[in-house]
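Asks: Just passing along the structure, written as structure tokens.
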Amino acid sequence: MAAATSINAVPCSAGRPKRRSQRRGASTVSVRASGDASTVTLLDYGAGNVRSVRNAIRHLGFGIRDVRSPEDILAADRLVFPGVGAFGSAMDVLTRSGMADALREYIRRDRPFLGICLGLQLLFDSSEENGPISGLGVIPGVVRRFDSSKGLIVPHIGWNALEITKDTQLLKGAEGHHVYFVHSYHALPSDENKEWISSVCNYGESFISSISMGNIQAVQFHPEKSGATGLSILKNFLSPNSSGSKVPSRRKASNLAKRVIACLDVRSNDSGDLVVTKGDQYDVRNLGKPVDLASQYYIDGADEVSFLNITGFRDFPLGDLPMLEVLRCASEKVFVPLTVGGGIRDFTDANGRYYSSLEVASEYFRSGADKISIGKSSLEQISRVYGNQAVVVSIDPRRVYVKNPEEVQFKTVKVSNKGPLGEEYAWYQCTVSGGRDSRPIGAYELAKAVEELGAGEILLNCIDCDDLVKMVSDAVTIPVIASSGAGTVEHFSEVFEKTNASAALAAGIFHRKEVPISAVKEHLVDAGVEVRV
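Structure below.
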């Protein structure tokens, strides 16, 4: 295995608007600002993947100073708060550490602040997530869950459009572009908070996608995962006096886009090097190749990149797992979401050290993964700690033909192409071990079960199974990713036109350069499918 990469810091105002009075008490500690223009203070309270934010900031040429005490917050010149995880857990950590009061005081002083995702939600009065739970009380309003009972897919995952309502430096150049959201809770505009709102996004209804008041900025989306547009937004905050850069757009974003995901199957060869398996011409000799491929797919326009680890690596101590290094390096170059699957289970290494699946998942998140793809095991525990939006459940079904739906207890569909004995119906049996072993449960039934247990997305791996994709995507209220079998650009448009799939994943056709990602996107645009271009 290659040695671990050392990730070091890269060396490298408008008048104050009227605001309402501070709504809660704040710390009176007085600390002089640090005065280092090339350094950003980052508030990382230890939940989820903050590495991507670090890498984006360093990519833009800034160093990072971590918050270790409330005084560090008050001493910051520019503070970035990339909140992830659950609202209540975050507020508990902030309150116990004294950082909640320091944040209120920092904001009251109108110091440069950028909140991301939960970092925006925590500014509001309260949240209904496992609550009600009180927030920082800076902005009037309650954070509520999207209503899936109205047919809305929750979490809201993917690339959506902004409607900019206030001219701000932060969002210059973002008009007409998609940005990446991943959340189940949102804040709604009201008369009490309208002066704060700088943009809204439509997902069933208009919710607050960003706020701006003086030097206080926050966004519901993830700029560090929003490609070139997101990096431009981050640069606008970090270098407010720069001219900024407008990212070219060939088509104005208007709605939630369908996602095209590039998947890399990664294994260890006989020499111990990591290799990408699909595509004979890839003679991968070192760790850099999977990272280089992921970087190229990002440049080509992939909306997400997924790594599937098909080697167990059970003899390695957890911290030395080769896939962790792939994630660390890829997250320095790829500024769209990264998913990793395979090997996320309980195991004991060669030294007899036991690791729980939660420990394994935690290490993947810390190394740069935004989502993990798992089977049913440990789903509830991982989802509870990191949120359901971070958990993808992978289902590998096979078609089983039957003459009559009453022959089986599982959900069946009428097939367009009859079975070998003239059967008109089929059910989809779940398999494991790469399809070699079957399990006595249907894919439809498993999909419904894992949704209840806390899955945020379902990945359906099934060749020529549009009927199954439609059946499952119609039945669940979480996003469904269609995978396997794509060989032409038409296959992508067909799955989006015939089913409610939110995304389509492919591997071999991209590896073999049979169909470039750009060609898929262009075809989808011509077919009238909203995509990020």
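FYI, full-length UniProt numbering numbers position 503 of the sequence shown as 503, with every residue one higher than the one before it.
Using N, Cα and C, we set each Cβ at its ideal position, and we do this for glycine too.
State the CB to CB distance for the pair Asn309 and Val340, rounded to an integer number of angstroms; the pair is presumed to be in contact (CB under 8 Å).
Replies: 7 Å
Asks: What are the partner residues of Thr39, as DSSP defines its beta bridges?
Replies: Partner(s): Gly63.
Asks: Would you kindly report the start and end of the unbroken alpha helix (DSSP H) that includes Gly272?
Replies: Element bounds for Gly272: n/a, residue is neither H nor E.
Asks: Along the chain, where does the beta strand (DSSP E) containing Cys329 start, and where does it finish?
Replies: Boundaries around Cys329 are those of the alpha helix (DSSP H), 322-330, since no beta strand (DSSP E) includes it.
Asks: If you draw a straight line from the alpha carbon of Pro112 to that of Val275, how long is it in whole angstroms?
Replies: One C-alpha to the other measures close to 44 Å.
Asks: Shortest alpha-carbon distance to Val479 belongs to which of Glu451, Cys462, Asp466, Asp467?
Replies: The sequence as given places Pro at residue 479; Val does not occur at that position. The residue among Glu451, Cys462, Asp466, Asp467 with its C-alpha nearest the C-alpha of Pro479 is Glu451.
Asks: Could you check which residue in Val67, His59, Glu129 has the C-alpha nearest to that of Ser89?
Replies: Glu129
Asks: For a test of the three-state rule: what should DSSP assign to His177, helix, strand or coil?
Replies: coil
Asks: Pull up the distance between the alpha-carbon of Ser357 and that of Cys465, whole angstroms please.
Replies: 31 Å
Asks: What distance in whole Å lies between the Cβ atoms of Val400 and Gln429, which are believed to be in contact at a cut-off of 8 Å?
Replies: 5 Å
Asks: Write down every uninterrupted run of the beta strand (DSSP E) in the region 68-142 whose length is 3 residues or greater and which is fully enclosed by it, in chain order.
Replies: For the region 68-142, whole beta strand (DSSP E) runs of length 3 or above, ordered along the chain, are 79-83, 113-117, 124-127.
Asks: Would you give the residue range spanned by the alpha helix (DSSP H) that Arg353 belongs to?
Replies: Unbroken run through Arg353: none, as it is neither H nor E.
Asks: Determine the burial state of Ser254: buried for a count of at least 16 other Cβ atoms within 10 Å of its Cβ, exposed for fewer.
Replies: For Ser254, the number of other beta carbons within 10 angstroms of its own is below 16, and it is reported as exposed.
Asks: Taking the alpha carbon of Val182 as the reference point, which residue from Gly85, Leu94, Asn461 has its own alpha carbon closest?
Replies: Val182 has its Cα closest to that of Gly85, out of Gly85, Leu94, Asn461.
Asks: According to the Cβ coordinates, are Cys117 and Leu162 closer than 7 Å?
Replies: no
Asks: What residues are listed by DSSP as bridge partners for His186?
Replies: Under DSSP, His186 forms a beta bridge with Arg144.
Asks: May I have the straight-line CA-CA distance separating Arg145 from Tyr203, to the nearest angstrom?
Replies: 12 Å
Asks: Alpha carbon to alpha carbon, how far is Val476 from Val392?
Replies: 14 Å
Asks: Rounded to whole angstroms, what is the Cα-Cα separation between Ser362 and Lys403?
Replies: Those two C-alpha atoms are separated by around 46 Å.
Asks: On the criterion of 16 or more Cβ atoms from any shown chain inside 10 Å, does Tyr354 qualify as buried, or is it exposed?
Replies: exposed
Asks: Starting from Tyr298 and walking both ways along the alpha helix (DSSP H), at which residues does that stretch end?
Replies: 288-300
Asks: On the DSSP letters alone, give me the boundaries of the alpha helix (DSSP H) that Ser416 sits inside.
Replies: Per DSSP, Ser416 belongs to no alpha helix (DSSP H) and is neither H nor E.
Asks: Would you grab the beta carbon distance between Ser190 and Pro140 for me? Rounded to a whole angstrom, and I think it's under 8 Å.
Replies: 7 Å
Asks: Which residues bound the alpha helix (DSSP H) around Gly227?
Replies: 227-238
Asks: When DSSP labels each residue in this structure, what does Arg512 get in the three-state scheme?
Replies: coil
Asks: Three-state secondary structure (DSSP) at Pro420?
Replies: coil
Asks: Where does Leu162 fall in DSSP's three states?
Replies: coil
Asks: If you follow the beta strand (DSSP E) that Val476 is in, where does it begin and where does it stop?
Replies: That residue, Val476, is in no beta strand (DSSP E); it is neither H nor E in DSSP.
Asks: Taking the straight line between their C-alpha atoms, what separation do you get for Ser331 and Val40?
Replies: 19 Å
Asks: Check for me: the alpha helix (DSSP H) holding Tyr444 runs from which residue to which?
Replies: 443-453
Asks: When you compare only the Cα positions, how much space is there between Lys371 and Phe365?
Replies: 7 Å
Asks: Pick out whichever of Glu423, Pro440, Glu424 has its Cα sitting closest to the Cα of Thr431.
Replies: Pro440
Asks: Can you check whether the CB of Gly158 is closer than 7 Å to the CB of Leu79?
Replies: no
Asks: Per the DSSP calculation, Tyr428 is bridged to which residue(s)?
Replies: Bridge partners of Tyr428 according to DSSP: Arg399.
Asks: Of all the options Gly419, Gln409, Leu170, which has the alpha carbon lying nearest to the alpha carbon of Ala443?
Replies: Gln409
Asks: Relative to the C-alpha of Asp110, which residue among Asp92, His491, Ala76 is closest?
Replies: Between Asp110 and the set Asp92, His491, Ala76, the nearest pair of CA atoms involves Ala76.
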